Amino acid sequence: MIAVRVLYFASLRERLAVAEEQVQLAAGSTAADLIDALAGRNDLHRQAFADRSQLRIAHNRRFASADAALADGDEVGLFPPVTGG
Amino acid sequence: MAGDLQIIELRASSFDPLALLAQLSSSVPAAALASFCGRVRATGSCSGQPIDSLLIEHYPGMAEQCMNEVAQRAHRRWQLAGLVMIHRYGELAVGEPIVLTAAAANHRAAAFAACRMMIDCLKSEVPFWKREIGATGSSWVPARSADANAAQAWQE
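Those protein sequence lines, which keep their order, are chains A and P. Position one of the first sequence corresponds to residue 15 (my numbering), numbered consecutively onward. Position one of the second sequence corresponds to residue 13 (my numbering), numbered consecutively onward.
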């Protein structure tokens with residue numbers, strides 16, 4: 015098993031009413047596996063992760079795709095498309 | 013490089029764009045200086061209704077790292093003599109500066125391009141989110157595909 019720290023931002027953080035979670039996953043899991051696991055937690059999570067086209071992923075503080083391979087102690091940020099500038 | 017100046021800053025407090033441009037101008041003898049300053053719009057991006065303030069959320073650690081990467085890409089690509097990249101977070105009043113990008117180069121084409129690349133990439137490649145607060149409530153500013161395309165166009 016691996017442990018991953020998940021951080022939520024902006025509208026996703028508000029929807030989930032939580033900013034951070036620790037998640038245990040099977041070794042060899044990807045970001046997509048993490049999101050599947052999160053979506054299975056409860057109805058609130060299932061709804062928040064229903065539309066993944068609007069979900070952006072950061073793996074250890076770099077933009078990443080859903081197939082990014084996760085390791086023990088990694089940080090994954092999940093958030094909507096960014097709107098700075 | 014002698015005279016090379018880079019000011020890259022993520023900050024909660026307000027800043028004076030002209031003071032930063034004066035610092036760039038006096039530190040770097042380059043022939044061309046280009047700058048862009050984005051300020052808080054008085055009306056909501058979707059509603060068109062007046063807003064009271066803008067709240068900017070960021071991903072601590074990652075936002076600084078992404079800003080630095082964008083700045084270094086601009087610096088290398090256009091061989092800049094200096095640059096300024098400032099971005100605010102927290103609560104901002106209407107009219108306050110949010111962002112400043114400035115580039116110093118030997119010719120205007122490089123200065124304009126670098127300045128534009130930095131602001132285009134700040135909008136779509138750095139983890140910031142804007143929330144508009146008005147009399148009737150608040151709403152997250154939606155991402156625009158035109159902004160994502162503008163940033164994409166600078167990929168080498």
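We put the CB at the ideal spot given by N, CA and C, even for glycine. All of these numbers come straight from a predicted model, not from anything done at the bench.
Can you find a CB in chain P that lies within less than 8 Å of the CB of residue i?
i: S25 (chain A); result: yes
i: T97 (chain A); result: yes
Indicate whether residue i and residue j have their beta-carbon atoms separated by less than 8 Å.
i: A44 (chain P); j: A117 (chain P); result: yes
i: L84 (chain A); j: L48 (chain A); result: yes
i: Y71 (chain P); j: L22 (chain P); result: no
i: H73 (chain A); j: D57 (chain A); result: no
i: E144 (chain P); j: G56 (chain P); result: yes
i: M74 (chain P); j: M97 (chain P); result: no
i: F23 (chain A); j: G98 (chain A); result: no
i: A46 (chain A); j: D81 (chain A); result: yes
i: I16 (chain A); j: S43 (chain A); result: yes
i: W90 (chain P); j: A126 (chain P); result: yes
i: L17 (chain P); j: G94 (chain P); result: yes
i: H29 (chain A); j: A78 (chain A); result: According to the sequence shown, residue 29 (chain A) is Arg rather than His. Cβ atoms of R29 (chain A) and A78 (chain A): not closer than 8 Å.
i: P154 (chain P); j: C78 (chain P); result: no
i: S25 (chain A); j: W152 (chain P); result: yes
i: A105 (chain P); j: S157 (chain P); result: no
i: R19 (chain A); j: E34 (chain A); result: yes
i: F124 (chain P); j: A46 (chain P); result: yes
Determine whether the Cβ of residue i lies closer than 8 Å to any Cβ atom of chain A.
i: G73 (chain P); result: yes
i: A106 (chain P); result: Looking at the sequence itself, residue 106 (chain P) is Val, so the reference to Ala does not match. With 8 Å as the cut-off, V106 (chain P) does not count as an interface residue toward chain A.
i: G50 (chain P); result: yes
i: M13 (chain P); result: In this prediction, M13 (chain P) scores a pLDDT of 47, lower than 50, which makes its location untrustworthy; the coordinate-derived value is nonetheless stated afterwards. Chain A, which has no Cβ nearer than 8 Å to the Cβ of M13 (chain P), makes this no.
Return the chain-ordered list of same chain residues with a C-beta closer than 7 Å to the C-beta of residue i, the five sequence neighbours on each side being excluded.
i: Q164 (chain P); result: none
i: C133 (chain P); result: V82, A163 and W166
i: P62 (chain P); result: A54, T55 and G146
Taking 8 Å as the CB-CB cut-off, is residue i touching chain B?
i: L21 (chain A); result: Looking at the structure shown, chain B is missing, and the protein chains on hand are A and P.
Got a sec? Which residues, its chain only, sit under 6 Å from residue i by beta carbon, not counting five neighbours each side?
i: C49 (chain P); result: P29, P109 and L112
i: H99 (chain P); result: L22 and V111
Leaving out five residues on either side along the sequence, give the residues of the same chain with a beta carbon under 8 Å from the beta carbon of residue i.
i: A31 (chain A); result: L58
Exercise. Can you give, in chain order, each stretch of the alpha helix (DSSP H) that sits fully within the region 115–167 of chain P and has at least 4 residues?
Worked result: 120–136 and 157–164
Name the residues in the region 72–95 of chain A whose C-beta lies less than 8 Å from a C-beta of chain P; which are they? A72, R75, R76, F77, G91, F93, P94 and P95
>> Short of 7 Å Cβ to Cβ, which residues in the region 130–160 of chain P face chain A?
In response: I131, L134, K135, S136, V138, P139, F140, W141, K142, W152, V153 and A155
message = Give me the subset of the region 69–93 of chain P whose CB atoms are less than 7 Å from a CB atom of chain A, sorted by chain position.
response = E69, Y71, G73, M74 and Q77
Report task. Taking a Cβ distance cut-off of 8 Å, strictly less, list which residues of the region 99–129 of chain P are near chain A, in chain order. Result -> H99, I110 and V111
- Could you pull out every unbroken alpha helix (DSSP H) segment of at least 4 residues lying fully inside the region 36–104 of chain P, listed in chain order? 74–90
At 4 residues or longer, what runs of the alpha helix (DSSP H) sit wholly inside the region 32–72 of chain A? 45–53 and 57–62
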